[in-house]
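Engineer:
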Amino acid sequence: MWPHPGSGSQGLQEDLPLYFLLPAGRRARFLSGILGVPSADITALIALDPSFLCSNLERTVKPRIAELSELGLSREEIASLIPLSPNSFRSRFLGRNIEFWLKELGSFDKLLQAVRMTSSLLRADPDKVIAPNVALLRQCGLNVSGMVAANIYSTRLFTKNPKLLQEAVERMEELGLKRGARMFGHALVVISLTSKVVATRRIQLLRKFGFSQDDVLEIIRKAPTLLAMSDQKIQGNMDFLMKDVGLDLSYIVRRPALLMYSVERRLLPRHCLLKVLREKGILNTEVDHYSTFCMSEKRFLQKFVVAYDDNVPGLVDDYASKFSGKAVDKVVLQGK
Numbered sequence: 005m006w007p008h009p010g011s012g013s014q015g016l017q018e019d020l021p022l023y024f025l026l027p028a029g030r031r032a033r034f035l036s037g038i039l040g041v042p043s044a045d046i047t048a049l050i051a052l053d054p055s056f057l058c059s060n061l062e063r064t065v066k067p068r069i070a071e072l073s074e075l076g077l078s079r080e081e082i083a084s085l086i087p088l089s090p091n092s093f094r095s096r097f098l099g100r101n102i103e104f105w106l107k108e109l110g111s112f113d114k115l116l117q118a119v120r121m122t123s124s125l126l127r128a129d130p131d132k133v134i135a136p137n138v139a140l141l142r143q144c145g146l147n148v149s150g151m152v153a154a155n156i157y158s159t160r161l162f163t164k165n166p167k168l169l170q171e172a173v174e175r176m177e178e179l180g181l182k183r184g185a186r187m188f189g190h191a192l193v194v195i196s197l198t199s200k201v202v203a204t205r206r207i208q209l210l211r212k213f214g215f216s217q218d219d220v221l222e223i224i225r226k227a228p229t230l231l232a233m234s235d236q237k238i239q240g241n242m243d244f245l246m247k248d249v250g251l252d253l254s255y256i257v258r259r260p261a262l263l264m265y266s267v268e269r270r271l272l273p274r275h276c277l278l279k280v281l282r283e284k285g286i287l288n289t290e291v292d293h294y295s296t297f298c299m300s301e302k303r304f305l306q307k308f309v310v311a312y313d314d315n316v317p318g319l320v321d322d323y324a325s326k327f328s329g330k331a332v333d334k335v336v337l338q339g340k
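5 is the number of the first residue of the sequence shown in the working numbering; add one for each residue after it.
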């Protein structure tokens with residue numbers, strides 16, 4: 005018969021030597037009771053990180069939990085962190101990182117949200133990684149708290165190799181993106197995730213269409229996400245905008261967001277529909293391409309599809325099926 009671990013702190017102390025004699029299932033239930041985490045969460049945690057079963061409770065997990073308790077975290081708060089970042093409970097940096105981010109973010113709920121996006125926030129070296137990166141981002145005029153809560157990509161800036169983050173900032177400045185600029189934070193995320201080789205290839209591709217170097221830099225400053233797009237995507241959008249729509253290079257430089265929309269799911273369907281309305285003499289006024297392409301789907305449907313359905317019978321159905329190629333609730337459209 006397998007030994008049955010006791011309960012409470014005294015039971016834990018007495019039974020830790022017997023913990024590794026338990027089969028995996030019993031060990032999971034034991035962890036559930038000791039850590040205060042529901043069995044279902046422990047099971048899910050072990051599925052993601054089987055090595056957690058082999059954790060040395062006395063030397064790693066138990067001291068981490070005690071440290072967080074001293075910081076003022078409740079048992080429930082500690083339990084909510086374990087499934088999100090189990091490796092952190094084997095890291096000597098856990099307590100210091102928790103303390104830092106609680107002060108930075110102002111609440112445990114915000115910390116929990118950040119950890120859900122990037123669990124490495126709790127196990128990165130606070131002196132060699134977190135602190136230098138935070139200092140650099142602040143020098144760039146960025147709101148650290150806002151970036152941590154923004155999305156998974158911006159959160160990763162804080163755990164990136166500081167040398168690589170510094171290089172990304174330098175590349176930004178080479179592209180003419182000034183610190184403190186509105187798009188600087190978003191652009192830095194893109195640049196940090198895009199190798200210099202890939203970014204150079206994207207720039208060379210844009211130059212092939214006839215853009216000057218200044219044009220390319222202006223495009224990147226306005227739409228840095230382009231550097232993370234595939235060559236095929238950029239090529240396809242440029243071909244469509246220049247050959248089918250007839251836009252010139254200067255227009256695209258002023259409105260580079262057009263390069264990021266899907267040709268198949270947005271640009272082509274809208275262009276075709278407007279072309280039909282013009283050919284039938286229904287749409288006599290000139291419409292700005294950027295305005296119509298960037299317009300929300302709901303507004304575009306109201307202004308150019310539903311509004312002219314009586315003039316062109318079946319226009320709603322045609323746009324919903326033939327043109328857009330995506331599921332649109334025709335009943336809702338026709339009822340508006």
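Cβ coordinates follow ideal geometry from the N, Cα and C atoms, glycine included.
Just the C-alpha distance for Leu109 and Met242, rounded to the nearest angstrom, thanks.
Structural biologist: 42 Å
Engineer: Please classify Ala139 as buried or exposed, where buried requires at least 16 other C-beta atoms within 10 Å of its C-beta.
Structural biologist: Per the 10 Å Cβ criterion, exposed.
Engineer: Among the residues of its own chain, which have a CB less than 7 Å from the CB of Asp322, if the five just before and after it don't count?
Structural biologist: none
Engineer: Gly304 lies in the alpha helix (DSSP H); which residues open and close that run?
Structural biologist: Here residue 304 turns out to be Phe, not Gly, going by the sequence shown. Note, Phe304: alpha helix (DSSP H), 301-304.
Engineer: DSSP on Phe297, reduced to helix/strand/coil?
Structural biologist: helix
Engineer: DSSP state of Val320, grouped into three classes?
Structural biologist: The three-state reading of DSSP puts Val320 in helix, counting H, G and I together.
Engineer: I need the DSSP call for Phe93, collapsed to helix, strand or coil.
Structural biologist: helix
Engineer: Smallest Cα separation from Ala185: which of Arg270, Gln117, Glu81, Lys226?
Structural biologist: Lys226
Engineer: Specify the secondary structure class of Ser328 as computed by DSSP and reduced to three states.
Structural biologist: Bear in mind that a pLDDT of 49 at Ser328, under 50, signals an unreliable position, so the model cannot answer this.
Engineer: Could you check what DSSP says for Glu74 in three-state terms: helix, strand or coil?
Structural biologist: DSSP places Glu74 in the helix class (H, G or I) of the three-state scheme.
Engineer: When you compare the stretch 251-268 with the stretch 308-324, are there three or more beta-carbon pairs, one atom per stretch, that lie closer than 8 Å?
Structural biologist: no
Engineer: Three-state secondary structure (DSSP) at Val220?
Structural biologist: In the three-state scheme derived from DSSP, where H, G and I count as helix and E and B as strand, Val220 is classed as helix.
Engineer: Is it the case that the Cβ atoms of Ile256 and Ile223 are separated by a distance below 9 Å?
Structural biologist: Using a Cβ distance threshold of 9 Å, Ile256 and Ile223 count as a contacting pair.
Engineer: I need the straight-line Cα distance from Lys284 to Leu263, nearest angstrom please.
Structural biologist: 29 Å
Engineer: Report buried or exposed for Pro317, applying the criterion of at least 16 other Cβ atoms within 10 angstroms of its Cβ.
Structural biologist: exposed
Engineer: Span of the alpha helix (DSSP H) holding Ile156?
Structural biologist: 156-159
Engineer: DSSP three-state label for Tyr184, please.
Structural biologist: Checking the sequence, you will find Gly at residue 184 rather than Tyr. Looking at Gly184 - three-state DSSP - the assignment turns out to be coil, as it is neither helix nor strand.
Engineer: Please look up how many angstroms separate the CB atoms of Gly145 and Arg175, rounded, as I've assumed it's under 8 Å.
Structural biologist: No, Gly145 and Arg175 are not in contact; Cβ-Cβ is about 17 Å, not under 8 Å.
Engineer: Hey, could you find the ends of the alpha helix (DSSP H) Phe104 is sitting in?
Structural biologist: Start and end: 98-109.
Engineer: Taking the alpha-carbon of Met233 as reference, which of Asn101, Asp219, Leu210 has the nearest alpha-carbon?
Structural biologist: For Met233, the closest C-alpha among the options Asn101, Asp219, Leu210 is that of Leu210.
Engineer: Could you spell out the range, first to last residue, of the alpha helix (DSSP H) harbouring Thr64?
Structural biologist: Element bounds for Thr64: n/a, residue is neither H nor E.
Engineer: With DSSP as the reference, label Ser254 as helix, strand or coil.
Structural biologist: helix
Engineer: Would you check if there are 3 or more beta carbon pairs closer than 8 Å linking the stretch 65-84 to the stretch 123-131?
Structural biologist: Contact fails: fewer than three Cβ-Cβ distances are below 8 Å.
Engineer: Say the cut is 8 Å; is the CB of Tyr294 nearer than that to a heavy atom of the ligand HEM?
Structural biologist: Among the components of this structure there are no ligands whatsoever, and the ligand HEM is therefore not found.
Engineer: Give the straight-line distance between the Cα atoms of Arg282 and Asn288, rounded to the nearest whole angstrom.
Structural biologist: 6 Å
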